[in-house]
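If you read the protein sequences in the order shown, they are chains A and Z.
Its first residue numbered 369, the first sequence is counted upward by one per residue in our numbering.
Its first residue numbered 16, the second sequence is counted upward by one per residue in our numbering.
Idealized CB from N, CA, C, for every residue including glycine.
Computed from a predicted model, the values in this text were never measured in an experiment.
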Amino acid sequence: MSNLLEFLTTVRWQDVVDILINSYILFRLYVLFQGTNAFRVLVGIASLWILQEIAASLGLILTSWAVRGITAAAAIIIIVVFRNEIRSALQARNPRTFFWGSPHPQKVSSIELIAETAFQMGKKRIGALIVFPGKDDLSEVIHGGIPWDGTISQEMLNSIFWPKNPVHDGAIIISGDKVAEVGALLPLSQRQDLPTFYGTRHRAAAGLAERSDALVVVVSEERGRVTVAKDNWIKPIAQPEELCQLLRQHFNLSDGASEKEKQRHKLKMSLAAALSLIIVTGVWFGFTRSHHTIIALSIPLEYVNRPPGYEILETSADEVRVQLYGSSALIRSLRPGQVQARIDLGKAIEGRNTFRITQDNISMPPGVSLNRVEPSVVEVTLDVPVTREIAVQVDWVGRLPDHLIMVDMRVNPSTVQVIGGSKILERVSTIYTVPVRLDTLSRSGSLTAPLILTPPSLKMAPGSPERVTVHFILDERN
Amino acid sequence: MLWRSWSLIFCFLSLFFMPTFSGDGFSAWAQDRSVSTPEEIHGSEAVEQRLTLGKSTMCERVENLRPVRPATVFSASVGQVSAFTAFDPVPEPTLIFHRWYHRDELSTQTRLRLYPPRWSTYSMIQLRETDKGPWRVEVTDENGQIIKVLRFSITD
Numbered sequence: 369m370s371n372l373l374e375f376l377t378t379v380r381w382q383d384v385v386d387i388l389i390n391s392y393i394l395f396r397l398y399v400l401f402q403g404t405n406a407f408r409v410l411v412g413i414a415s416l417w418i419l420q421e422i423a424a425s426l427g428l429i430l431t432s433w434a435v436r437g438i439t440a441a442a443a444i445i446i447i448v449v450f451r452n453e454i455r456s457a458l459q460a461r462n463p464r465t466f467f468w469g470s471p472h473p474q475k476v477s478s479i480e481l482i483a484e485t486a487f488q489m490g491k492k493r494i495g496a497l498i499v500f501p502g503k504d505d506l507s508e509v510i511h512g513g514i515p516w517d518g519t520i521s522q523e524m525l526n527s528i529f530w531p532k533n534p535v536h537d538g539a540i541i542i543s544g545d546k547v548a549e550v551g552a553l554l555p556l557s558q559r560q561d562l563p564t565f566y567g568t569r570h571r572a573a574a575g576l577a578e579r580s581d582a583l584v585v586v587v588s589e590e591r592g593r594v595t596v597a598k599d600n601w602i603k604p605i606a607q608p609e610e611l612c613q614l615l616r617q618h619f620n621l622s623d624g625a626s627e628k629e630k631q632r633h634k635l636k637m638s639l640a641a642a643l644s645l646i647i648v649t650g651v652w653f654g655f656t657r658s659h660h661t662i663i664a665l666s667i668p669l670e671y672v673n674r675p676p677g678y679e680i681l682e683t684s685a686d687e688v689r690v691q692l693y694g695s696s697a698l699i700r701s702l703r704p705g706q707v708q709a710r711i712d713l714g715k716a717i718e719g720r721n722t723f724r725i726t727q728d729n730i731s732m733p734p735g736v737s738l739n740r741v742e743p744s745v746v747e748v749t750l751d752v753p754v755t756r757e758i759a760v761q762v763d764w765v766g767r768l769p770d771h772l773i774m775v776d777m778r779v780n781p782s783t784v785q786v787i788g789g790s791k792i793l794e795r796v797s798t799i800y801t802v803p804v805r806l807d808t809l810s811r812s813g814s815l816t817a818p819l820i821l822t823p824p825s826l827k828m829a830p831g832s833p834e835r836v837t838v839h840f841i842l843d844e845r846n
Numbered sequence: 016m017l018w019r020s021w022s023l024i025f026c027f028l029s030l031f032f033m034p035t036f037s038g039d040g041f042s043a044w045a046q047d048r049s050v051s052t053p054e055e056i057h058g059s060e061a062v063e064q065r066l067t068l069g070k071s072t073m074c075e076r077v078e079n080l081r082p083v084r085p086a087t088v089f090s091a092s093v094g095q096v097s098a099f100t101a102f103d104p105v106p107e108p109t110l111i112f113h114r115w116y117h118r119d120e121l122s123t124q125t126r127l128r129l130y131p132p133r134w135s136t137y138s139m140i141q142l143r144e145t146d147k148g149p150w151r152v153e154v155t156d157e158n159g160q161i162i163k164v165l166r167f168s169i170t171d
């Protein structure tokens, strides 16, 4: 019990938020994709992954290797094959729908109107084929549809299926309270057990129902009967109310008569939410609470917030070696740049400053902890930049011909203005030229030579030359 | 302070002859105590006088208190190099220093004593292969005030 309490005290509020956000994402993915073929394949892939883990833990080399390959291929295939379904599931006309509402808010206020019209057409022996899409994308199975986009009305439905209308033989696709397409061709069912009096319309309805989650209403031209096809069943409907009931179920719409259905739906969603929470909590603990992996990294030390007017003269360390621990998954996923060490120079003063490196100086990804840092103390010396006049000297190298001697030499200018840290410049009394060779000199003359600024933090003051002229006098050695 | 323990430091006092310069060279000049005695230098007339460096040069060696082969570049094969300084006047007995720097690093320093009324003196170092590079000799008074900087190079 005390262990549990001790454990709970280590859970931060960020961890709770982390779990809740990811649980909700998982839950929403389930809500958006439930019932689609893509979801079923996703479940299959998840099962394959679990199988692969089990095979790997049991030491089944070939099996785990093969399953891993299949899982990887399936993950790519699902994106390619089900791209339309994924797109339609993720397409949100209203952001509220995407984040909160039902993914298929099929607002069919005209369900009663369609049901009533279907039975009226039946009485008049007008054949009709009406498709109510589910969550599956139908573009791959339906062909030849003509875009219509007309708001549903009894008159319009009658006119579409009027025998003289060129598109009356095709199916209409209902989307919300509109007729999206007319004259659509549906795939025919190949089933042998359908009644012989079922014509092409019925076979088309059964064919589409078999291949998708759509609900198809058929009105027989010969018998005037209304039939509904869904999944693998096809059955006649006697009353408009019964048709309304089926349509409501198809669109997950509740009414007074389907309170039980509503309860079931709520229970299903609650279970899905609870399961999402359990899965994510389990994954989260697996990721963050196993502290058995330690890694050591050398990272550059960043000095930030240098006080204005100061320069960093010298530092005792330019990088630190940090020892981090966390779960193996988190430690393995560490990338360069995710761990940073910073020293805030905001309160530093001129001269030597000592800083102790603590956890506050090391920025790490969540879930990774600092075990040790070396060095634990760094010294930073700040300096004020000043300008100083410094003498120039030629750095002669090589050897003069033996019969010659350099009796005099003059450098123009003899001094240059140099900018640098005051402490640095205190130690610099001469600016040297690049090495100038003596071997080629045979008589008095002059030459130019660039200057070298050492240390490199020094720079020439504006107006100071970067090259000097050297006048030299050679004489015969006597 | 780093000292070149290996180097030979010489300090020669020109007790009987003081060098003076006549445009194109050096000439020996006998000290005439009746003209310039220490007591007189400390007199009211000498109060105005200040220690003045008359001649200074780098040279291969000093012979008879005269710099031999003054130059600004010396080959390490020469074996030694000297810093020669001649002060005129020297108002009172005092000390000066020759500080030898190799690339801004103090290599050695020599304390030299000066006596009125004029005094010439020098210091020298023996050269090694590792001494190649730019050098300077700072001539300072006893308070460390720089009187003159002599720059030269040791080469192959």
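A Cβ-Cβ contact shorter than 8 Å links G148 (chain Z) with I169 (chain Z). Note on E153 (chain Z): 16 or more other CB atoms within 10 angstroms of its CB, so buried under the neighbour-count rule.
Between the C-alpha atoms of N600 (chain A) and A574 (chain A) there is a straight-line separation of about 7 Å. The beta-carbon of V152 (chain Z) is placed no less than 8 Å from the nearest beta-carbon of chain A. The CB of D776 (chain A) comes closer than 7 Å to the CB of T87 in chain Z, given here in chain order.
Counting only unbroken stretches of 4 or more residues, the alpha helix (DSSP H) elements lying wholly within the segment 470–551 of chain A are 479–491, 522–529, in sequence order. Residue-level contact check: G766 (chain A) touches chain Z, since one or more beta carbons of chain Z fall below 8 Å from its beta carbon. Near chain Z, meaning a CB-to-CB distance below 9 Å, no residue of the segment 377–401 of chain A qualifies. Residue pairing by DSSP puts W134 (chain Z) in a beta bridge opposite Z:F102. Contact check for M777 (chain A) against V838 (chain A) passes: the beta carbons are separated by less than 8 Å. Around the CB of Q124 (chain Z), 16 or more other CB atoms lie within 10 Å, so the residue is classed as buried.
In the DSSP secondary-structure assignment, G148 (chain Z) is bridged to Z:I169. Taken in chain order, the complete alpha helix (DSSP H) segments of 4 or more residues contained in the segment 678–709 of chain A are 696–700. In the displayed model, N780 (chain A) falls within a strand according to three-state DSSP. Beta-bridge pairing by DSSP links D383 (chain A) to no other residue. Within the DSSP secondary-structure output, A597 (chain A) pairs in a beta bridge with A:V584, A:I602. Shown here, K715 (chain A) sits in coil according to DSSP, grouped into three states, outside any helix or strand. Close to chain A, meaning a Cβ-Cβ distance shorter than 9 Å, are the following residues of the segment 92–120 of chain Z: S92, Y116, R118, D119. Residues A98, Q124, T125, L127, S138, V152, V154 of the same chain have their beta carbon placed closer than 7 Å to that of H113 (chain Z), with the five preceding and five following residues left out of the count. When Cβ-Cβ separations below 8 Å define contact, R81 (chain Z) makes no contact with chain A. Here the alpha carbon of E549 (chain A) sits roughly 28 Å from the alpha carbon of F565 (chain A). Taken through DSSP and simplified to helix, strand or coil, E157 (chain Z) comes out as coil.
Counting only residues of its own chain and dropping the five nearest sequence neighbours on each side, R767 (chain A) has a CB closer than 7 Å to the CB of L806, D807.
Between L121 (chain Z) and the set Z:V96, Z:W150, Z:P108, the nearest pair of CA atoms involves Z:W150. Take L643 (chain A), set aside five residues on each side of it, and no residue of its chain has a beta-carbon closer than 6 Å to its own.
Any Cβ of chain Z closer than 8 Å to the Cβ of Y800 (chain A) would place that residue at the interface, and such an atom is present. Scanning chain Z for C-beta atoms nearer than 7 Å to the C-beta of I773 (chain A) yields R84, A86, reported in chain order. A Cβ-Cβ separation of about 5 Å places L681 (chain A) in contact with K791 (chain A) under the 8 Å criterion.
With 16 or more neighbouring CB atoms inside 10 Å of its own CB, P131 (chain Z) falls in the buried class. For G159 (chain Z), no CB of chain A lies under 8 Å from its own CB, so it is not counted at the interface with that chain. Here the C-alpha atom of A716 (chain A) lies approximately 17 Å from the C-alpha atom of D728 (chain A).
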